[in-house]
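Trainee:
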Amino acid sequence: MSESKQNRFLQYMREDRLPHIFCPGCGNGAIINAFLAAMEKAGMDFDNIAMVSGIGCSSRIPGYLDCDSLHTTHGRALSFATGLKTANKDLDVVVFTGDGDAASIGGNHLIHAARRNINLTVICINNNIYGMTGGQISPTSPKGSFGTTAPYGNQDTPFKLAELVAAAGATYSARWTTVQIENLVLAIKEGLENPGFSFIEVATQCPTYFGRKNKLKTPTAMAAVMKANTVFKSAAERMSAKELEGKIVVGEFANTTKDEFTENIDKISVEKSGKKTVINSAYETEL
Amino acid sequence: MIIIDEELCKGCHLCLFMCYKNVYAISPEINKKGVQLPFVKFEERCTKCGTCEVACPDQAITVDLPENWWMKEGNDVNFNPNFTKGKK
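Top to bottom, those sequences are chains B and R.
Mapping to numbering that gives the first Met the number 0: the first sequence position 204 is 203, numbers consecutive.
Mapping to numbering that gives the first Met the number 0: the second sequence position 11 is 10, numbers consecutive.
1) Can you find a CB in chain B that lies within less than 8 angstroms of the CB of residue 105 (chain R)?
2) For the region 13-34 of chain B, list every residue whose C-beta sits within 9 angstroms of some C-beta in chain R, in sequence order.
3) Are the C-beta atoms of residue 45 (chain B) and some chain R residue less than 8 angstroms apart?
4) Which residue from R:62, R:12, R:61 and R:1 puts its Cα closest to that of residue 36 (chain R)?
5) Measure from the C-beta of residue 54 (chain R) to each C-beta in chain B and report whether the shortest distance is under 8 angstroms.
6) Hey, would you say residue 145 (chain B) sits closer than 8 angstroms to residue 213 (chain B), going by beta carbons?
7) Note down, in chain order, all residues in the region 166-191 of chain B with a beta-carbon under 8 angstroms from any beta-carbon belonging to chain R.
8) Using 8 angstroms for Cβ pairs, my map puts residue 116 (chain B) next to residue 170 (chain B). What's the rounded Cβ distance?
9) Work out the CA separation of residue 69 (chain B) and residue 38 (chain R) for me, nearest whole Å.
10) When the cut-off is 8 angstroms and only beta carbons count, does residue 20 (chain R) lie next to chain B?
11) Comparing the C-beta of residue 35 (chain R) with each C-beta of chain B, is any distance below 8 angstroms?
12) State buried or exposed for residue 269 (chain B), treating a residue as buried only when at least 16 other CB atoms are found within 10 Å of its CB.
13) According to DSSP, which residues form a beta bridge with residue 202 (chain B)?
14) Verify the CB distance criterion: does residue 5 (chain B) have a CB-CB separation below 8 angstroms to chain R?
15) Below 8 angstroms, how does it come out for the region 105-125 of chain B and the region 259-269 of chain B: are there three or more Cβ pairs, yes or no?
16) Counting only runs that start and end within the region 22-57 of chain R, where is the alpha helix (DSSP H) found for 4 or more residues in a row?
17) Which chain B residues sit within Cβ distance under 9 angstroms of residue 16 (chain R)?
18) Under a CB-based cut-off of 8 angstroms, is residue 343 (chain B) close to chain R?
19) Can you tell me the Cα-Cα spacing of residue 126 (chain B) and residue 272 (chain B), whole angstroms?
20) State yes or no: is the C-beta of residue 256 (chain B) within less than 8 angstroms of the C-beta of residue 195 (chain B)?
21) For chain B, is any of its Cβ atoms less than 8 angstroms away from the one on residue 46 (chain R)?
Listed below in structure tokens is the structure:
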């Protein structure tokens, strides 16, 4: 097979580990492609990217990409990423996180990273269920959906992550699904270029657990239901709360500019001590 | 030209769902992994938009991009004359 006939995303991946562990029809693989396509479109250097992930199906993504990656404890991916970005602000830090990782155990880290407006790109893969541990109900499961821990249907109202992060003060926040893949590529590109906290929530299909419990056993059925339930943000503003029940509102929820966290640290250290770093060390000249 | 890697494909058939022009069809035969592979049935319909390439979760589909003849002229990758009927 000649060079031009290889898949254009395989050059960024650890080919010895393929095919990957994700179930047939899982959206995570499509999100890898969307991220790589967005990175190519934004014209970024792949060697300068550092990836941080927590625990979960989606957090296995950096293991398949041929770049510097950090696989951290459950829910603390954003804390590690904050430290990484503050220590070396030239890196482009990308966080891959799932809905259980970002919204449930790492919920406080998420809203405080958004409040500080630190220059990270967070791709939150929302499959509405805890896929890796066996189909438990997660904070983003829709009302009335079934899971291992909800045999009579989930009674709680789900989190709206993109709106939550936009309200917490992020400068870029968007939600797309894996069905609208072109918009997703453009949103990730915008997030990578944005100097500030960028949050992209991707609603994805989980045919193995969410689909099996909710009578949508094939990936195609899940994708068709997701496509039918999608409402654009401009249309959703004119709809009532009852009409919006069970719908996925897609679009951009925030796109502003604000002071950035690492810039603020640099500014205050120059103001108070006259140098760019506040570290007191014998190896200061090497830093 | 569209190439499907039989080693990587897991048979989710999302390419059939995502393709705007219905280029793909499901093979009636089962391969050694127990997967009914998709195959390219109507290649003349393909506009080489590359959606299946991005949407394939297993990186199994390759759309041969050097055949995209509009890419040679300028650098405007997003303009595909097959979609817009030649109007920009």
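By construction, the Cβ of each residue, glycine as well, lies at the ideal position given by its N, Cα and C atoms.
From a predicted model like this one, the values you see are computed outputs, not experimental measurements.
Mentor: The structure says:
1) Lying before the first or after the last residue shown, residue 105 (chain R) is absent from chain R, which here runs from 0 to 87.
2) 17, 18, 19, 21, 22, 23, 24, 25, 26, 27, 28, 29, 30, 31, 32 and 33
3) Residue-level contact by beta carbon fails for residue 45 (chain B) and chain R, as no gap is shorter than 8 angstroms.
4) Sorting R:62, R:12, R:61 and R:1 by C-alpha distance to the C-alpha of residue 36 (chain R) places R:12 at the top.
5) yes
6) Yes, the pair counts as a contact, with Cβ atoms nearer than the cut-off.
7) 177, 178, 180, 181 and 184
8) 6 angstroms
9) 38 angstroms
10) Taking CB atoms only, residue 20 (chain R) has no neighbour in chain B less than 8 angstroms away.
11) no
12) exposed
13) B:125 and B:176
14) Closer than 8 angstroms to the CB of residue 5 (chain B) there is at least one CB belonging to chain R.
15) yes
16) 50-54
17) Counting only Cβ-Cβ distances below 9 angstroms, residue 16 (chain R) has contacts in chain B at 178, 218, 219, 222, 223 and 226, in chain order.
18) Given a span of 0 to 286 for chain B in the structure shown, any question on residue 343 (chain B) remains unanswerable.
19) 47 angstroms
20) For residue 256 (chain B) and residue 195 (chain B), yes; Cβs fall inside 8 angstroms.
21) Taking Cβ atoms only, chain B never reaches closer than 8 angstroms to residue 46 (chain R), which makes this a no.
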